[in-house]
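**Student:** Numbering (the UniProt record's numbering), first residue to last: 1 to 349.
Glycine included, C-beta positions come from ideal geometry on N, C-alpha and C.
Given the structure is predicted, the values throughout are model-derived calculations rather than measurements.
There's a structure below that I have some questions on.
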């Protein structure tokens, strides 16, 4: 072989060698990009699920919806909530011919806390006022948007952004409220399909690793805390439940906003000087005990427990049952749907 032929052969070999290296690098790059895209898809699987389903997917074929006219007396409205076993009701203004807000247990708490004076003084505002008398000042303000055809992602975003627990599903054609969406119903719907979707790796991570939940300035009460004080904490700190702890900080019970409606059921709201323990004796439903978890449990385990027990939150405790935090349905939905829990973007409330 001549020297010229050798040089040509050497050049061909080098070119082929570099082409092979380039091809391998390109294939590896494509594989990595595909792998990263796959990871991104898995990471956002619940976000995509929520965006692909509409609010009407959650509307049952049959459900109870109680609607109050704003001319109704406040006391009668809360009694009606109790008798119908619901926690909230849309408000209809006959003069404006439209829905103008929601009546919730939070409103009942606000009225009691604002107007209560002593067991000897009747709460006139609760006994005599109509809803329309003080609606603009006290009642929950909710925009009745036509959410029927909107995505569940929009619904979750609205719930979390506005820090509300209920969202009316309104028919855009008739303006009628068809259903009330809640965190619990949305998470339960997601759980029905969760086994059919790719399982993101962050489901196997712990609350501590994902930094999900509230672990600072946890509002608690003691067994002898006056009920009026507990109502004040609900109003001022905007929490939905208060762990009841003993003198060592161990959780022994929990007093939630829903428990307050029992005051209307028992007609005992004129004496708010009683202790939280006394008030809890009027629970209308059997109480199985405080549902807890620890920071070392996986997100998947937490979701399963919340859905199966049909509760709104778990009390986070240590090995001695001392309260360390709260993880709520809103925390879970925020992490799953809006922020990407596995990226550590979630900031506790």
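(1) Using 8 Å for Cβ pairs, my map puts residue 385 next to residue 46. What's the rounded Cβ distance?
(2) Please list the segments of the alpha helix (DSSP H) lying wholly inside the segment 168 to 237, counting only runs of 4 or more residues, in order along the chain.
(3) Could you tell me the distance, in whole angstroms, from the CA atom of residue 63 to the CA atom of residue 179?
(4) I need the boundaries of the beta strand (DSSP E) containing residue 93, first residue and last residue.
(5) Helix, strand or coil: how does DSSP classify residue 159 here?
(6) State the Cα-Cα distance for the pair residue 274 and residue 334, rounded to the nearest angstrom.
(7) Would you call the segment 228 to 242 and the segment 107 to 120 in contact, with 3 or more CB pairs under 8 Å?
(8) Does the contact criterion of 3 or more C-beta pairs under 8 Å hold for the segment 289 to 296 versus the segment 320 to 331?
(9) Can you tell me whether DSSP reads residue 49 as helix, strand or coil?
(10) Taking 8 Å as the limit between beta carbons, can you name the residues of its chain near residue 258, skipping five residues before and five after?
(11) Between residue 330 and the rest of its own chain, which residues show a CB-CB distance below 7 Å, the 5 nearest in sequence each way excluded?
(12) Let's see if you can read the secondary structure: which residues bound the alpha helix (DSSP H) around residue 330?
(13) Starting from residue 104 and walking both ways along the alpha helix (DSSP H), at which residues does that stretch end?
(14) Would you call the segment 68 to 76 in contact with the segment 88 to 101, where contact means no fewer than 3 C-beta pairs closer than 8 Å?
(15) Quick check on the DSSP output: the alpha helix (DSSP H) that includes residue 303 runs from which residue to which?
(16) Give a yes or no on whether the C-beta atoms belonging to residue 297 and residue 207 are separated by under 9 Å.
(17) Determine whether the beta carbon atoms of residue 165 and residue 256 lie at a separation below 9 Å.
(18) Are the segment 238 to 247 and the segment 185 to 200 touching by the rule of at least three beta carbon pairs closer than 8 Å?
(19) Using the three-state DSSP reduction, which class does residue 323 fall into: helix, strand or coil?
(20) Do residue 126 and residue 78 count as a contact pair if the criterion is CB distance below 9 Å?
(21) Between residue 205 and residue 151, what straight-line distance do the alpha-carbon atoms span, to the nearest angstrom?
(22) Tell me the DSSP bridge mates of residue 130?
**Tutor:** With the given structure in hand:
(1) This structure leaves residue 385 out entirely; the chain is present only between 1 and 349.
(2) Here the runs fully enclosed are 183 to 193, 207 to 210 and 227 to 237.
(3) Approximately 8 Å, taken between the alpha carbons.
(4) Note, residue 93: beta strand (DSSP E), 88 to 93.
(5) Residue 159: helix per DSSP, three-state reduction.
(6) Near 37 Å, if we compare the C-alpha coordinates of residue 334 and residue 274.
(7) Because the criterion of three Cβ pairs below 8 Å is met, the segment 228 to 242 and the segment 107 to 120 touch.
(8) Contact holds: three or more Cβ-Cβ distances are below 8 Å.
(9) For residue 49, the three-state secondary structure derived from DSSP is helix.
(10) Cβ within range, chain order: 87 and 105.
(11) 160 and 183.
(12) First-last of the alpha helix (DSSP H) with residue 330: 329 to 333.
(13) For residue 104, there is no enclosing alpha helix (DSSP H); the enclosing beta strand (DSSP E) covers residues 98 to 104.
(14) At 8 Å Cβ cutoff, the stretches touch.
(15) 299 to 309 is the extent of the alpha helix (DSSP H) around residue 303.
(16) Yes, Cβ-Cβ distance for residue 297 and residue 207 is below 9 Å.
(17) No. Outside cutoff.
(18) When C-beta atoms of the segment 238 to 247 are compared with those of the segment 185 to 200, fewer than three pairs fall below 8 Å, so the two segments do not count as touching.
(19) Here residue 323 carries a strand assignment [DSSP, helix/strand/coil].
(20) Between residue 78 and residue 126, the C-beta gap is smaller than 9 Å, which places the two residues in contact.
(21) In this structure, the straight-line span from the alpha carbon of residue 205 to that of residue 151 is close to 28 Å.
(22) Residue 130 is bridged to 73.
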